[in-house]
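To start, the structure itself, in structure tokens.
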Amino acid sequence: MTGNTTANGGRQADSIPANFILEANEILSHYPVSKRSASLPLIHLWQNHFGHIDPSGIEWIAAKLDLQPINIYELVTFYPWFRQTAPGKNIIRVCRTLSCALAGSKDLYEKFCETIGIDIEEARAHHGDGMPVSPDGNYSIEFVECLASCGSAPVCMVNDELHERVAPEDVPSLLSRSTSPAN
Amino acid sequence: MSCIHPAPHPKERRIIFGNLTQPGYAPDLKTYVAHGGYEQLRKALSMTPSAIIDAVKAANLRGRGGAGFPCGIKWSFIKQDDGKPHYLVVNGDESEPGTFKDRYILHEDPHQLIEGVAISSFALGVKLAYIYIRCEFPAAAKIVAAAIAEAKAAGFLGTNILGTGFSLDVFVHQGAGAYICGEETSLIESLEGKRPYPRIKPPYFPAVFGLYMNPTVVNNVETICHIPHILRLGPEEYAKMGTPGDGGTRTLCVSGDVQRPGAYELPAGAVTLRELLYDICGGPKPGRSFKAIIPGGSSAKVLRADEKIKRKVKGPDGTMLDQEIDVLDLVMDAASLAGAGTMIGSGGVIVMDDTRNMVETLNNLNLFYAHESCGQCTPCREGSLWMAKMSSRMLAGGGVENDPKKLKSIADNIAGRTVCAFGEAASWPTQSFLEKFPEEFAAIATKNK
Ligand SMILES: Cc1cc2nc3c(=O)[nH]c(=O)nc-3n(C[C@H](O)[C@H](O)[C@H](O)COP(=O)(O)O)c2cc1C
Ligand code: SF4
Ligand code: FES
Chain A
100 MTGNTTANGG RQADSIPANF ILEANEILSH YPVSKRSASL PLIHLWQNHF
150 GHIDPSGIEW IAAKLDLQPI NIYELVTFYP WFRQTAPGKN IIRVCRTLSC
200 ALAGSKDLYE KFCETIGIDI EEARAHHGDG MPVSPDGNYS IEFVECLASC
250 GSAPVCMVND ELHERVAPED VPSLLSRSTS PAN
Chain B
-6 MSCIHPAPHP KERRIIFGNL TQPGYAPDLK TYVAHGGYEQ LRKALSMTPS
44 AIIDAVKAAN LRGRGGAGFP CGIKWSFIKQ DDGKPHYLVV NGDESEPGTF
94 KDRYILHEDP HQLIEGVAIS SFALGVKLAY IYIRCEFPAA AKIVAAAIAE
144 AKAAGFLGTN ILGTGFSLDV FVHQGAGAYI CGEETSLIES LEGKRPYPRI
194 KPPYFPAVFG LYMNPTVVNN VETICHIPHI LRLGPEEYAK MGTPGDGGTR
244 TLCVSGDVQR PGAYELPAGA VTLRELLYDI CGGPKPGRSF KAIIPGGSSA
294 KVLRADEKIK RKVKGPDGTM LDQEIDVLDL VMDAASLAGA GTMIGSGGVI
344 VMDDTRNMVE TLNNLNLFYA HESCGQCTPC REGSLWMAKM SSRMLAGGGV
394 ENDPKKLKSI ADNIAGRTVC AFGEAASWPT QSFLEKFPEE FAAIATKNK
């Protein structure tokens, strides 16, 4: 594994706050039979806190669970939700699957790309691995598979929130309403 | 959230969606209890576990996750007195394209699910249960976790539930964006913290080797929510709502080219496909007509809107007669769709009208399966990607005459040759689209000549 570093150049694991450890311990208590079951939740916790998983995160989680780093690394590389590079400040996920496609999700996706300044072809090439970041660092976008809201297609997620029946012309107002501005 | 219409259609019978569509219904314990919540748990705790399992059997409840296995029979595979720990895992991965029902339960009526989990766990001798929720539902994970905490504080979960000596811990576990985790053995591996490669069968049921290699029941969110209602209505009353082999109500999720898409809860077998698409969903969009229907989630074989279904039915004197019906006259229940060579699956109905290109439609699904194959079996890993590449190339104008034949042969070489049913799920769309719409594939394949 080559070293990813945080924005300030340090290893993520060098700056773990106390409440992170408390949360990790709480998660561990949910798995009384096998600590290894806490792998996914700890990776989520790490990614939510640091934005992405760097090698120090993999090592920290593995040590916490008495596992080898490879046991965590193979999860980080398998699951589409996990990333090893820093995303933009706000993450946009547009559903690509059939019902949304029938309702025009391709146009929606392209409108998002155009509005945030990300090259459509580059974005498409990243379906499922690492997300492109807008020039201002404020946005990342990816296509995702069915978000289980096909009856109100097309849908997208902006950060944690689902938006239904989104038309391309809704994109600018949606972005200004539901994302935090660039620093 | 807006896929369940506020006013039910007269054919609808809302049981699972009964509370959450009440004006002002909130996902908290107080509201649930005010609507009669946790009364069935009280009742269950005064019954014997085997009496509950018998009730679930008598109710003819089939699993709502896709495979449609009879729930009571699955439960009876668990041996009460084997001395091993038993686990219940609720499948809230809801990732089958076209399916959007568990989402509403998890977000809007979490206590209905938790009451179901508590009753089921008591019946199955379970002391530790997990609710696996896809991580694309971050709000649901919080809502369900908060509901669990409330239920525990009120004595409906935790140690010595309602003073009966029965104890149960329930936790939420979040997925990480992989469709395959909906397959029950993959889900178990995922919950064990491993790469979610589905397990080799046999054993066919996690009741033999499940979570931590101990007896485990995996049930869909909606399936578990039916359990309190079976006790409330009584198994006979519950079963009577549906058809003989398919009891109770079912949620049907309709999306695509209809006027009123949505999630509808109907007694199993209460409507034909025609009634569903025309009366309930308002028919096709103005000036258009229906062309194709995928009746049970993206993996179900596609139906052509103008096809005739040939089948055998029992005549008045008991002999079997040949019958031919319009596809739209198929009754929406498990047996009838199976008789038409497809399945009711997860109840996700996706509709395409006459403006749609079937090669493009299939290509969308092929890209889904190529992206979601876990990669464990060669036929699935290579074949799903190959089919996606071929249908993409055909669409881009690079079709050659042999493409339809080749596509079919790839699909035929995946189905039945893989560790899990994803292999079938990935090949059925290609096989059925080619069979039902051969002219469109032939036309695109030879366009360059
Ligand atoms: C590829 C694949 C994906 C599946 N996805 C889901 C899913 O998202 N949700 C679900 O409940 N069942 C899903 N299933 C079905 C489960 O394996 C299992 O049959 C089901 O959860 C059992 O619950 P039930 O008996 O209550 O239906 C999937 C199966 C396969 C083969
Ligand atoms: S059939 Fe496909 S998804 Fe299932 S185990 Fe094999 S490779 Fe994985
Ligand atoms: S296809 Fe987009 S939510 Fe299901």
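The listed protein sequences derive, respectively, from chains A and B. What the first sequence shows, in our numbering, is residues 100 to 282, in sequence order. What the second sequence shows, in our numbering, is residues -6 to 442, in sequence order. Glycine included, each C-beta is placed from N, C-alpha and C at the ideal position.
Of the candidates B:K305, B:D322 and B:F202, B:K305 places its Cα closest to the Cα of L314 of chain B. At a cut-off of 8 Å, the C-beta of G250 of chain A has a neighbouring C-beta in chain B. For V257 of chain A, the shortest C-beta to heavy atom distance toward ligand 1 is 7 Å or greater.
Interface with chain B (8 Å Cβ-Cβ cutoff): D113 of chain A is excluded.
Below 8 Å, enough C-beta pairs join the region 157 to 171 of chain B and the region 100 to 120 of chain B to call them touching: three or more. Between the region 65 to 83 of chain B and the region 37 to 50 of chain B there are three or more C-beta pairs closer than 8 Å, enough to call the two in contact. Going by DSSP, M256 of chain A is part of the beta strand (DSSP E) stretching over C255 to V257.
Looking at the DSSP output, C194 of chain A shares a beta bridge with A:V243. P253 of chain A is outside the set of residues whose beta carbon lies under 8 Å from a beta carbon in chain B. Under the DSSP definition of a beta bridge, Q316 of chain B partners with B:R304. A Cβ-Cβ contact shorter than 8 Å links T348 of chain B with R281 of chain B. Counting only Cβ-Cβ distances below 9 Å, W145 of chain A has no contacts in chain B at all, with the closest Cβ about 12 Å away.
Burial state of G308 of chain B is exposed, judged by a 10 Å Cβ sphere holding fewer than 16 other Cβ atoms.
Interface residue (Cβ-Cβ distance to chain A less than 8 Å): D272 of chain B is not classified as such. Looking from the CA of N53 of chain B, the closest CA among B:N207, B:A381, B:A436 and B:L224 belongs to B:L224.
Short of 6 Å from the beta carbon of A363 of chain B, and not among the five residues preceding or following it, lie these beta carbons of its own chain, in chain order: S377, L378 and A381. For D86 of chain B, the Cβ falls inside the 7 Å cut-off from some heavy atom of ligand 1.
Relative to ligand 3, L197 of chain A has its C-beta within less than 7 Å of a heavy atom. Pairing C373 of chain B with G416 of chain B gives a Cβ-Cβ distance under 8 Å. DSSP places N189 of chain A in the strand class (E or B) of the three-state scheme. For C367 of chain B, the Cβ falls inside the 7 Å cut-off from some heavy atom of ligand 2.
The beta carbon of G241 of chain B is closer than 8 Å to those of I8, A52, N53, L54, H219, H222, I223, Y231, A232, M234, G235, P260 and A261 in its chain, skipping five residues each way along the sequence. E129 of chain B has its CB no nearer than 7 Å to any heavy atom of ligand 1.
Counting C-beta pairs with one atom in each stretch, the region 93 to 101 of chain B and the region 119 to 130 of chain B have three or more that are closer than 8 Å, which means they touch.
The beta carbon of Y178 of chain A sits closer than 8 Å to some beta carbon of chain B.
V211 of chain B is not a Cβ neighbour of E185 of chain B, given a cutoff of 8 Å. Every unbroken stretch of the beta strand (DSSP E) spanning 3 or more residues and falling wholly within the region 151 to 228 of chain B is given here in chain order: 162 to 167 and 209 to 213. For P90 of chain B, the shortest C-beta to heavy atom distance toward ligand 3 is below 7 Å.
Rounded to whole angstroms, the gap between the alpha carbons of A247 of chain A and G118 of chain B is 32 Å.
Within chain B, the residues placing a beta-carbon under 9 Å from that of T196 of chain A are P90, G91, S291, N357, L358, L360 and F361, ordered along the chain. Checking the 7 Å criterion, the Cβ of A418 of chain B is within range of a heavy atom belonging to ligand 1.
H100 of chain B and I136 of chain B have their C-alpha atoms some 6 Å from each other.
Taking a Cβ-Cβ threshold of 7 Å, the residues of chain B close to H129 of chain A are F164, in chain order.
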